[in-house]
Amino acid sequence: MSSSPHIRSKATTSNIMLMVTVALLPAALFGVWNFKLPALGMLITTTVTAVLTEYIYERLMHKKITVGDWSAVVTGLLLGLNMPPTAPWWMGALGSIFAILIVKQLFGGLGQNFMNPALGARCFLLISFTSQMTTFVYDGVTGPTPLAALKSGEAVNSMDMLIGTIPGTIGETSVIAIIIGAIFLILLGIIDLRIPGTYIVSFVIFIGIFGHFANPEIGFFDPQYITAHLCGGGLMLGAWFMATDYVTSPITKKGQYVYGVLLGVLTGLFRLFGASAEGVSYAIIISNLLVPLIEKVTLPKPFGKGGEK
944 MSSSPHIRSK ATTSNIMLMV TVALLPAALF GVWNFKLPAL GMLITTTVTA
994 VLTEYIYERL MHKKITVGDW SAVVTGLLLG LNMPPTAPWW MGALGSIFAI
1044 LIVKQLFGGL GQNFMNPALG ARCFLLISFT SQMTTFVYDG VTGPTPLAAL
1094 KSGEAVNSMD MLIGTIPGTI GETSVIAIII GAIFLILLGI IDLRIPGTYI
1144 VSFVIFIGIF GHFANPEIGF FDPQYITAHL CGGGLMLGAW FMATDYVTSP
1194 ITKKGQYVYG VLLGVLTGLF RLFGASAEGV SYAIIISNLL VPLIEKVTLP
1244 KPFGKGGEK
């Protein structure tokens, strides 16, 4: 009998991260098609900077070089997809340095970070450069995102939001492109429906009930209102690609359901009653911080231990 673990898998970190990178390509390609050269430049800048930061830090610290596991590529690409196409490229580079150096490497590297590095960097940039991170231009016209318009009581076109022909960050606009990537990951078994499914269902229930209180003109469970919230902002990108991060999400099945409900409620609270029309980034980061507590509460009792008192 060999030593544990006895359950083995052919999946490796590099294979998983490579598949996540491939799954993000539909959203990235649509973003480049939608926003042209500025989007392409931002995606290249954030990704290359993330890889270089990890390589240089590990060389200076005499640590094992891990850029071959593709995790830095995923972090840089996710950050780029969460950036406005009009933001200067140096800002994306600064965000990648923060994500890799501060959030990831200073806490021990991959597997030790306490929050999603890309979202941590995005929130850092939102706090530091609020104006640039919340200014959106589409077809040469500066204007609010559909979620911001919805929050102010204006009508929005849900079909445009579904396709992605709207202002927003590079990777969040096209729900169709995001879902294509998500289906790819589900079919490969890299992610399952527990976290994103619970997240989306909890969010729909919250918006359906409390949307009326935030905007009395909206009825309970108004289909158009709910659809607009689902298609707008970074909800789909966050639910399928960032909330499912192995490192910063619970490992217990019960914990994953609790985590998904927490994400849905927090996102709904931030969107309906917060100052910003968005809320996915902060919802995921706060939930990341609560993962140790969620796992402690939902951890199954070892077989043979005492039962409930």
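Quick note on our numbering: the sequence shown kicks off at 944 and runs consecutively.
Just so you know, even glycine gets a beta-carbon here, dropped at the ideal spot from N, CA and C.
Remember, predicted model here, so these are calculated numbers, not experimental data.
Report the rounded CA-to-CA distance for residue i versus residue j, giving the unit in angstroms.
i	j	result
Asn1044	Asn1059	The sequence given here places Leu at residue 1044; Asn does not occur at that position. Those two C-alpha atoms are separated by around 13 Å.
Ser1192	Thr964	19 Å
Leu1206	Ala1125	18 Å
Ile1150	Thr992	38 Å
Phe1216	Gly1011	43 Å
Pro1028	Lys1244	49 Å
Leu1232	Phe1146	20 Å
Val1208	Ala954	33 Å
Val1201	Ser1230	10 Å
Leu995	Gly1096	44 Å
Val1118	Met1104	7 Å
Trp1032	Lys1197	41 Å
In its own chain, which residues sit with a C-beta less than 7 Å from the C-beta of residue i, not counting the 5 before and 5 after it?
i	result
Gln1167	Ser1101
Trp1013	Ser957, Met960, Leu961 and Thr964
Tyr998	Ile1008 and Val1010
Asp1188	Asn1059
Val1204	Thr1141 and Ser1145
Trp978	The residue asked about is misnamed: residue 978 is Phe in this sequence, not Trp. The residues are Pro1028 and Ile1113.
Ile1138	Ala1186, Thr1187, Ser1192, Gln1199, Tyr1202 and Gly1203
Classify residue i as buried or exposed, calling it buried when 16 or more other Cβ atoms lie within 10 Å of its own Cβ.
i	result
Ala1030	buried
Val1234	buried
Ala1157	exposed
Ala1098	exposed
Leu1178	buried
Ala1218	exposed
Phe1213	buried
Leu1062	buried
Within a Cβ cutoff of 6 Å, which residues of the same chain sit near residue i, ignoring the five residues on either side of it in sequence?
i	result
Glu1001	Ile1008
Pro969	Ala1120, Ile1123 and Gly1124
Once DSSP output is grouped into helix, strand and coil, what is the label at residue i?
i	result
Tyr1081	strand
Met1058	coil
His1155	helix
Gly1111	coil
Met1004	coil
Pro969	helix
Glu1238	helix
Glu1221	coil
Pro1087	coil
Is the Cβ-Cβ distance between residue i and residue j less than 7 Å?
i	j	result
Gly1038	Leu1069	no
Leu1180	Glu1221	no
Gly1264	Leu1090	Past the boundaries of the shown model lies residue 1264; the chain is included only from 944 to 1252, so the question cannot be answered.
Phe973	Ala1120	yes
Phe1163	His1172	no
Ala1064	Phe1079	no
Met985	Gly1035	yes
Asn1056	Val1190	yes
Thr1210	Ala1226	yes
Thr990	Val1017	no
Ala971	Phe1127	no
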